[in-house]
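> First, the structure itself, so that you have it in front of you.
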Amino acid sequence: MNGKEKYTVITGASSGIGYETAKAFARRGKNLVIVARSKKNLEKLKEEILQENPPLDVIVKSVDLSVISNVYQLYEELKPHCIETLVNNAGFGNYSSVANQNLEKIETMLRLNIEALVVLSSLFVRDYKDVNGAQLINISSSGGYIIVPNAVTYCASKFFVSTFTEGLARELKEYNGKLQAKVLAPAATKTNFGNTANNVERYNYDKSFATYHTSKQMADFLLELYDSSEVVGIVNRESFEFELSSPLFNYSGNPKSNQKCCTL
């Protein structure tokens, strides 16, 4: 990548899967840009990483990506750096019936889970579609492939992430692009997700789930996906095994009934 220092950018890095993913990439000697709202947590993460890997460059970006103008500003600030990998992990969930859900929370969730991810992905693809070794990994959910009761709106947001990323992977393949687009779909994972989704200060995963993964386990799965040539990394909701696969959604290709395809 033009001989410049390469960086892995991780959004939602202040806790959970994003936090452990940053540490996992750091163990591979990757320079990092870690992004989240909590500057305090990001600085703590940076300190932990540099204690183990002093030569690395770790850049902290404290920003609320649910404000879409901030998303564009973040990408402008990233332009001086060579981005090897972008991990769109920022997002949160919601457990509630559609009739009773807090619409202010839902609006924020949709901006973060969908709009911010699409903007960052699109800007990244424009600049890096022809760059060898570039990867985009968008974090969806097993709920992005099946509808979970009492989480309809959240699942719908993750269905978007899954179909968007799988579709992008198809576009890049047809274009012969060098950038790889991939989607990671965790199932129950012990993070702050449960607290936010249920609007509680403390959430008991042992009480709520028969089994779940840790954030570190999911970060390890993400690296398996990163190292593979597959598009989808998904946790099987029945066996709880991690599986790599080609795209799971049907794709129409370019039959005569479709509008004529344009190139990237």
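First residue of the sequence shown? That's 3 in this note's numbering, and the numbers climb one at a time after it.
We put the CB at the ideal spot given by N, CA and C, even for glycine.
Please specify which runs of the beta strand (DSSP E), each continuous and at least 3 residues long, are wholly inside the segment 138-189, giving them in chain order.
DSSP runs (the beta strand (DSSP E)) wholly in the segment 138-189: 182-187.
> I'd like the list of long-range same chain contacts for Gly14, defined as Cβ closer than 7 Å, with 5 residues on each side in sequence excluded.
Hits under 7 Å: Gly20, Ala38, Asn91, Ala92 and Gly93.
> Buried or exposed: which applies to Leu34, given that a residue is buried once 16 or more other Cβ atoms fall within 10 Å of its Cβ?
By the 10 Å Cβ count, Leu34 comes out buried.
> Under a three-way DSSP split, which group does Lys209 fall into?
Helix at Lys209.
> Just reading off the beta strand (DSSP E) that Val127 is part of, what are its end residues?
No beta strand (DSSP E) holds Val127; the alpha helix (DSSP H) holding it covers Leu119 to Tyr130.
> Under 8 Å, do Ala118 and Ser68 count as touching if we go by C-beta distance?
Against a cut-off of 8 Å, the Cβ pair of Ser68 and Ala118 comes out as a contact.
> Could you compute how far the alpha carbon of Asn252 sits from the alpha carbon of Glu50?
Their Cα atoms are separated by approximately 43 Å.
> So if DSSP puts Ala38 in a beta bridge, which residue, or which two residues, is it bridged to?
Its beta-bridge partners are Ser64.
> Check whether the segment 70-83 and the segment 150-163 touch, using three or more Cβ-Cβ pairs below 8 Å as the test.
No: the two stretches stay apart, fewer than three of their Cβ pairs being nearer than 8 Å.
> Give the single residue among Leu181, Tyr74 and Asp59 whose Cα lies nearest to the Cα of Asp2.
Outside the modelled stretch of the chain, which goes from 3 to 266, sits residue 2, for which no answer is possible.
> What are the boundary residues of the beta strand (DSSP E) that Glu245 is part of?
It spans Phe244 to Ser247 - the beta strand (DSSP E) in which Glu245 sits, taken as one unbroken run.
> With three or more beta-carbon pairs closer than 8 Å as the criterion, would you say the segment 221-232 touches the segment 198-213?
No: the two stretches stay apart, fewer than three of their Cβ pairs being nearer than 8 Å.
> Can you give me the start and stop residues for the alpha helix (DSSP H) that Tyr77 sits inside?
From DSSP, the alpha helix (DSSP H) with Tyr77 extends over Ile70 to Leu80.
> Are the segment 93-113 and the segment 25-32 touching, with three or more C-beta to C-beta distances below 8 Å?
Judged by Cβ distances under 8 Å, the segment 93-113 makes no contact with the segment 25-32, as fewer than three pairs qualify.
> Bridge partners for His215 per DSSP, in chain order?
Answer by DSSP bridge pairing, in chain order: Thr191.
> Find out if the Cβ-Cβ distance for the pair Leu76, Val127 is shorter than 8 Å.
Their beta carbons are not under 8 Å apart, which means Leu76 does not touch Val127 by this criterion.
> Would you mind stating whether Gly235 and Phe242 have Cβ atoms separated by less than 8 Å?
Against a cut-off of 8 Å, the Cβ pair of Phe242 and Gly235 comes out as no contact.
> Suppose you measure from the CA of Phe195 to the CA of Lys42; what does that come to, to the nearest Å?
Straight-line Cα distance between these residues: approximately 19 Å.
> Tell me, please, which residues DSSP counts as bridged to Ile236.
BP columns for Ile236 point to Ala187 and Glu245.
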